[in-house]
Amino acid sequence: MNIHEYQSKAVLKAYGVAVPEGLPAFTVDEAVENAKKIGTPVVVVKAQIHAGGRGKAGGVKLAKNLDEVKNYASELLGKTLVTHQTGPEGKKVGRLLIEAGSNIKKEYYLSFVIDRQTARVVMMGSEEGGMEIEKVAAEMPEKIFKEYIDPVVGLAPFQATRMAYNINIPQPAIRKATKLMTCLYNAFVGKDCSLAEINPLVVTAEDDVIALDAKLNFDDSALFRHPDIEELRDESEEDPKERRAAEAGLNYVNLGGDVACMVNGAGLAMATVDIIKHYGGEPANFLDVGGDSSPEKIAEAFQIMLDGGQAKGIFVNIFGGINRCDAVAAGIVEAAKIISDDGKSLPVPVVVRLEGTNVEQGRKILQDSPIANVIMAPTMEGGAEEIVKRVKAAK
Ligand code: ADP
Ligand code: MG
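Using UniProt numbering, read the sequence shown as starting at 1 and increasing by one per residue.
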């Protein structure tokens, strides 16, 4: 799960991470009021969306007086901001962060992520702050430093110090920098984060060390331990289909294409997305229905895939292990009943490949059903090729 910058900063502040003084605002009046309360000569008006790259897209404005705060706030609230992370459709700004302007001497990069190879938390730092870290990694990988953290020991003081020297934090700011690293690590572990990224971390003219931006991602599987974080969810930032799927216990990720697929098991779902691409199609989604595929769940999955008209065809690729092919087939019949009045048709062609437990019963249910546009495929390759062909023909 993702939260907004101002929420991340509040979480981090509670762990002792130095952040600028700031207050969220949902209206122009509130923005001006909060700027008054902050009272610094320069306040920064920052669009709050679940995406980075706001600075370059005009979503971060330095205001030198209250009139400017008012102007920037009116300009940004309700605006659709397109950054390199939002995709071309952009994200609508519904909230602002009004923040004290910092006297930046230099910008750095600092983050904690989980490294799958070593199964450890890794701290990454760079003196190339403010720019995209992917770009730094591609163009000057020698400018990125890493410290792998022993889970028993935690972030050792020598590692924090080594990082501070590696990224050339000026001498008078070293201790503040290592303190910030330690507090950020504690927040990362304490809140079960999957990412904590400060870009930029800044050293100010006064040699203070401050997290000027903050991005926290949380491990969804651990959210039940953090009701305070769950409360920060902003549903307007989330894909409604992904949300509906999560509520139904389905693993769904929107991929933007027009060939929907319904699969059981994450590995097979990935392979299915790959094979659709291989035959020249664009997958609409990743969908893992999991092990307990009751007809109700399958019907819900169908409705989610068809909702909004994005899908021009559906590829059902099921290898019945724990779940049974007959239950999946019954679910497809059920879905047709819910979706069409007579239960005889689905709005798009459906290619079905079934294999495994109760496959014969499953195939029979579909063959005996009155649904017109269900095509049985004997193999995964054949099924993928068939659905891509049909979706192309439909266009
Ligand atoms: P994004 O990563 O989405 O572009 P940031 O929060 O990193 O947004 O802001 C972009 C840039 O704006 C920063 O690199 C910094 O130069 C400037 N900036 C952001 N917040 C402040 C602040 N409180 N005071 C001064 N400058 C700021
Ligand atoms: Mg940033």
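Positions of the beta carbon are idealized from the N, C-alpha and C atoms, including for glycine. A quick note: this is a predicted structure, and the numbers were derived from the prediction, not measured.
Contact belief for Ser126 with Lys143 at Cβ below 8 Å, rounded distance in angstroms: 5 Å
Cβ contact check for the region 315 to 333 and the region 355 to 370: 3 or more pairs under 8 Å: yes
Residues near Ser74 in its chain [Cβ-Cβ closer than 7 Å; skip 5 each side]: Val28
CB of Val263 within 9 Å of CB of Asn323, strictly: no
Environment of Gly22 [buried if 16+ CB atoms lie within 10 Å]: buried
Contact test: Asp258 Cβ vs the ligand ADP heavy atom, cutoff 8 Å: no
Rounded C-alpha distance that separates Phe224 from Glu230: 8 Å
Own chain, CB closer than 6 Å to Lys61, minus 5 neighbours either side, in chain order: Val45, Tyr72
When Ala25, Tyr148, Leu77 are compared against Leu97, the one with the closest alpha-carbon: Ala25
Beta-bridge pairing of Asn317 - partner residues as DSSP gives them: Val263, Arg353
The ligand ADP heavy atom lying under 8 Å from the CB of Leu212: yes
Start and end residues, alpha helix (DSSP H) containing Leu96: It is not in any alpha helix (DSSP H) - Leu96 instead sits in the beta strand (DSSP E) that spans 96 to 100.
Reference Pro283; option with closest CA among Gly291, Leu346, Ala269, Val289: Ala269
Between the CA atoms of Thr272 and Pro347 - distance to the nearest angstrom: 22 Å
Residue closest to Pro151, alpha-carbon to alpha-carbon, out of Val189, Val253, Gly382: Val189
Inside the region 119 to 173 only - alpha helix (DSSP H) runs reaching at least 4 residues: 133 to 139, 157 to 166
Lys9 to Ala214 span [Cα, whole Å]: 6 Å
Buried/exposed call for Ala266, threshold 16 Cβ in 10 Å: exposed
Proximity to Gly313 [Cα-Cα], best of Glu386, Val82, Met181, Glu381: Glu386
Cβ contact check for the region 182 to 198 and the region 72 to 92: 3 or more pairs under 8 Å: no
Own chain partners of Ala137 with C-beta closer than 7 Å, once the 5 adjacent residues on each side are dropped: Ile144
Pairwise C-alpha distance: Asp192 and Ala51: 20 Å
Runs of alpha helix (DSSP H) wholly within the region 256 to 315 (minimum 4 residues, chain order): 266 to 278, 295 to 306
Simplified DSSP assignment, three categories, for Gly90: coil
Helix, strand or coil at Tyr6 according to DSSP, with G and I counted as helix: helix
contact_flag[the region 63 to 70, the region 105 to 122] where n(CB pairs < 8 Å) is 3 or more: no
Meets three-Cβ-pair contact criterion under 8 Å: the region 333 to 346 and the region 294 to 304: yes
Residues near Ile174 by beta carbon distance below 8 Å, same chain, minus five either side: Thr161, Ala164, Tyr165
Own chain partners of Pro172 with C-beta closer than 7 Å, once the 5 adjacent residues on each side are dropped: Asp207
Test item: CB-CB of Tyr6 and Gln48 under 9 Å: yes
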